[in-house]
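**Student:**
Protein chains: 2
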Amino acid sequence: MAVYTQIGSEDVASLLSLYDVGELVALKGIAEGVENSNYFIETTGGRYFLTIYESRVNPDDLPFYHSLLDHLYKAGCKVPRFINDRQGQWLQTLSGKPACLIEFLSGVSATVPTPQQAHACGGELAKLHLAVRDFGLERHNDFGVLHWRTLIAQCTEKGLDSIQTGLAKRVTDESIYLVEHWPRHLPTSIIHADLFPDNVLLLGEEVSGLIDFYFACSDVTSYDLAISHAAWSFSADGTNYMPQIGTAFIAGYKQISTLNHVGNIDFQTLARGACLRFLLTRCFDWINTPPDALVVRKDPLAYLRRLDFYCSNPDILGG
Amino acid sequence: MAVYTQIGSEDVASLLSLYDVGELVALKGIAEGVENSNYFIETTGGRYFLTIYESRVNPDDLPFYHSLLDHLYKAGCKVPRFINDRQGQWLQTLSGKPACLIEFLSGVSATVPTPQQAHACGGELAKLHLAVRDFGLERHNDFGVLHWRTLIAQCTEKGLDSIQTGLAKRVTDESIYLVEHWPRHLPTSIIHADLFPDNVLLLGEEVSGLIDFYFACSDVTSYDLAISHAAWSFSADGTNYMPQIGTAFIAGYKQISTLNHVGNIDFQTLARGACLRFLLTRCFDWINTPPDALVVRKDPLAYLRRLDFYCSNPDILGG
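Going line by line, the protein sequences match chains A and B.
Sequential numbering of the first sequence, starting at 14, is according to the numbering used here.
Sequential numbering of the second sequence, starting at 14, is according to the numbering used here.
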């Protein structure tokens, strides 16, 4: 939630002069995205986002994101496109940082999704998985199952148990279990890996856009469904499972794709993995963010509660 | 630069259902304004800002701001209007805070204004001053000449000289001079009191909007021109006076209004006052903002340098 790089309208107007997008008529810094600086831009020709990539995004990964969104768009997925300038360039430099002009998509994110919205989003995730079958590129998952022990060590030395007594042992035991039981036999592909409700744009009950692909990477395809299931199907604090949302999300997915034949046991493992991944990164951010910083620190324990739920419920997918 | 109050799209959609503005299609938190939370809203009918008033704005002042913008709009000034709901209400409550739907104006702020832009803005400020002649309401200037000693005391006890050695004595001496020489004989009116370049929207060389009236108050009318002169006519760090900008701003003003017959000596005093006011509030914010907060701390000394300039240049207005 921040604009880290301040840019002037003159610099933006100068950048836009490289494109066939008309003249600048509005420029507003957007208070979302913790990885990048984002500006809403209106021109005489349309509306766009200008994203300036900050240090948390590896510039070497940008061609991957560009190719992925280009591939998904051409396959009919509802994703924003990178805009090319007159020379066919999509990557620019602004204030010494990589910057891209990106399509603006209408739609708003649901804070409390309806079952219809969850069903629609499950379907769009399945379409994404079908679309990437002939996408040739790979990207390592820096937050994947083999990285959790390192993350736990980094958190533990800074006081993981200060968040909750016994947390260090709990996540260590869980990570050992998951490394052992991770369903490596299941099909892998590029996954979104962060399809929370705030990364889905909706117009009513319909999906108008899937956004924020900066965690997209190669992993077990069904892990993506497990991540979304954990993100969508609970009250924000993780205390209440909302079966009608989870069921609708999976039904929406199944209606489009065969779900890669994942069974209950593997899905439980993947969902436990999803919970541990977000529990750990939230713990890391919690420990490393000053309490008075103007950034909302997301409660890590909301994902410990989800983990508890999946540990006690091995049959989420149903028969 | 922040969105302090997080709201969900469902709450915004529910609020918009009170208005004849169509359905919500986009909602983005805007990273500007330190007083309020601002959201950009697009509906099927148009574009708007949703402003949620945080603790720094006194809710009792909101009817004043509403009346002022209504008055200015009807007088032909380029200001955003508060939007009424179907019951004729412009003031709502969201997350327990006052909130208003406000017209979205096109235009971008200049970081490095041109003389033509300064001329156009001077003219719009003069139109504003002509328009408020028959505006009946008053609002005390909480940052006016009689408040500077208090502000100095608050800053001094927290270490004003830590910003620059001798600063406490310098601002104390200056405030004594200004209280003594303040041109109380000049006409007073409602003034904008914060018409910096970032509060002026431009389309090319034309002004499309004057915004952010939350410091508007009753004071010497020409003080408003002095504030803008100090804000527009220098490099950001205050080291370079740009006479072509200052001259153009004043010429633009004079073309519309008689400048309230302010002379060189009084204008110098008013400009010194403008510099002291922003020097002091920036010192206050500097001292009270942690260096690692995600808020840009504005350099107070940029206004000490402007103060030095006006002290040595008593004939800014020219013959």
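Every residue, glycine too, gets a C-beta built ideally from N, C-alpha and C.
Would you mind listing the beta strand (DSSP E) stretches within the segment 34 to 60 of chain A that are 3+ residues and don't spill past its ends, in chain order?
**Tutor:** 37 to 43 and 49 to 56
**Student:** For I258 of chain B, which residues from the same chain have a beta carbon less than 7 Å from its beta carbon, with the 5 sequence-adjacent residues on both sides left out?
**Tutor:** P126, P128, A131, W245 and S246
**Student:** Given L40 of chain B, which residues of its chain have a CB within under 7 Å of its CB, disregarding the five upstream and five downstream residues?
**Tutor:** S22, V25, Y52 and I54
**Student:** Which chain A residues are close to T124 of chain B, counting only those with a beta carbon under 7 Å from its beta carbon?
**Tutor:** What T124 of chain B touches in chain A: G21, S22 and E23.
**Student:** Out of B:A206, B:N49 and B:I96, which one is the CA nearest neighbour of V233 of chain B?
**Tutor:** B:A206
**Student:** Compare the C-beta of L40 of chain B with all C-beta atoms of chain A and state if any pair is closer than 8 Å.
**Tutor:** yes
**Student:** When you compare only the Cα positions, how much space is there between E45 of chain A and L85 of chain B?
**Tutor:** 33 Å
**Student:** Got a sec, what are the start and stop residues for the alpha helix (DSSP H) D186 of chain A sits in?
**Tutor:** L180 to H194
**Student:** Quick one: which chain B residues come within Cβ less than 7 Å of L216 of chain A?
**Tutor:** Per Cβ cutoff of 7 Å: V38.
**Student:** Have a look at A:Q281, A:P111 and A:L314 and flag the residue whose alpha-carbon is nearest the alpha-carbon of I240 of chain A.
**Tutor:** Answer by Cα proximity: A:Q281.
**Student:** Along the segment 272 to 284 of chain B, where does the CB come closer than 8 Å to a CB of chain A? Name the residues.
**Tutor:** none
**Student:** Taking the alpha carbon of N301 of chain A as the reference point, which residue from A:L164, A:S108, A:S50 and A:A229 has its own alpha carbon closest?
**Tutor:** A:L164
**Student:** Taking Cβ positions only, does Y32 of chain B come closer than 8 Å to chain A?
**Tutor:** no
**Student:** Does the separation of the CB atoms of F48 of chain B and V70 of chain B fall below 8 Å?
**Tutor:** This sequence places Glu at residue 48 of chain B; Phe is not what is there. Yes.
**Student:** Might you give, ordered along the chain, the residues of its own chain that have their beta carbon closer than 7 Å to the beta carbon of N253 of chain B, omitting 5 neighbours on each side?
**Tutor:** F247
**Student:** Could you tell me whether any Cβ in chain A is nearer than 8 Å to the Cβ of E45 of chain B?
**Tutor:** yes
**Student:** Give a yes or no on whether 8 Å exceeds the smallest Cβ distance from V121 of chain A to chain B.
**Tutor:** yes
**Student:** Should F247 of chain A be flagged as near chain B, meaning a C-beta pair shorter than 8 Å?
**Tutor:** no
**Student:** Answer yes or no: do S231 of chain B and R152 of chain B have a C-beta to C-beta separation smaller than 8 Å?
**Tutor:** yes
**Student:** Which chain B residues sit within Cβ distance under 8 Å of E55 of chain A?
**Tutor:** S119
**Student:** Which of the three DSSP states is assigned to Q281 of chain A in this structure?
**Tutor:** The answer is helix: DSSP assigns Q281 of chain A an H, G or I state.
**Student:** Which term fits L159 of chain A, buried or exposed, when burial requires 16 or more other beta carbons within 10 angstroms of its beta carbon?
**Tutor:** exposed
**Student:** Suppose you measure from the CA of G172 of chain A to the CA of G286 of chain B; what does that come to, to the nearest Å?
**Tutor:** 51 Å
**Student:** I need the boundaries of the alpha helix (DSSP H) containing L215 of chain A, first residue and last residue.
**Tutor:** Under the DSSP assignment, L215 of chain A falls outside any alpha helix (DSSP H), being part of the beta strand (DSSP E) whose first and last residues are V213 to L216.
**Student:** Give the DSSP-derived three-state secondary structure of D207 of chain A in the structure shown.
**Tutor:** coil
**Student:** My output table needs one value for F247 of chain B: the three-state DSSP class, helix, strand or coil.
**Tutor:** strand
**Student:** Check whether the segment 183 to 193 of chain A and the segment 209 to 222 of chain A are in contact - that is, three or more C-beta pairs closer than 8 Å.
**Tutor:** no
**Student:** Considering only the alpha carbon of each residue, which of A:E36, A:R99 and A:S108 lies closest to S68 of chain A?
**Tutor:** A:S108
**Student:** Could you check which residue in A:F297, A:L292 and A:R310 has the C-alpha nearest to that of D321 of chain A?
**Tutor:** A:L292
**Student:** Output the distance between the C-alpha atoms of F156 of chain A and T18 of chain A, rounded to the nearest integer angstrom.
**Tutor:** Each residue's Cα considered, the two are about 26 Å apart.
**Student:** Short of 8 Å in beta carbon distance, which residues of its chain neighbour Q105 of chain A, apart from the five on each side in sequence? Order them along the chain.
**Tutor:** L28, L31, D98, P111, A112, C113 and L114
**Student:** Helix, strand or coil: which one does DSSP assign to E67 of chain A?
**Tutor:** coil
**Student:** So, for I43 of chain B: in the same chain, excluding its five sequence neighbours on each side, which residues have a beta-carbon less than 6 Å away from its beta-carbon?
**Tutor:** N51 and F53
**Student:** Less than 8 Å between the C-beta atoms of Y316 of chain B and A284 of chain B, yes or no?
**Tutor:** Result no, Cβ atoms of Y316 of chain B and A284 of chain B do not sit closer than 8 Å.
**Student:** Output the boundary residues of the beta strand (DSSP E) element that contains L173 of chain A.
**Tutor:** The continuous stretches of beta strand (DSSP E) do not include L173 of chain A, and DSSP gives it neither H nor E.
**Student:** If you count every other CB in all the chains shown that lies within 10 Å of the CB of V92 of chain B, and 16 or more means buried, which is it?
**Tutor:** buried
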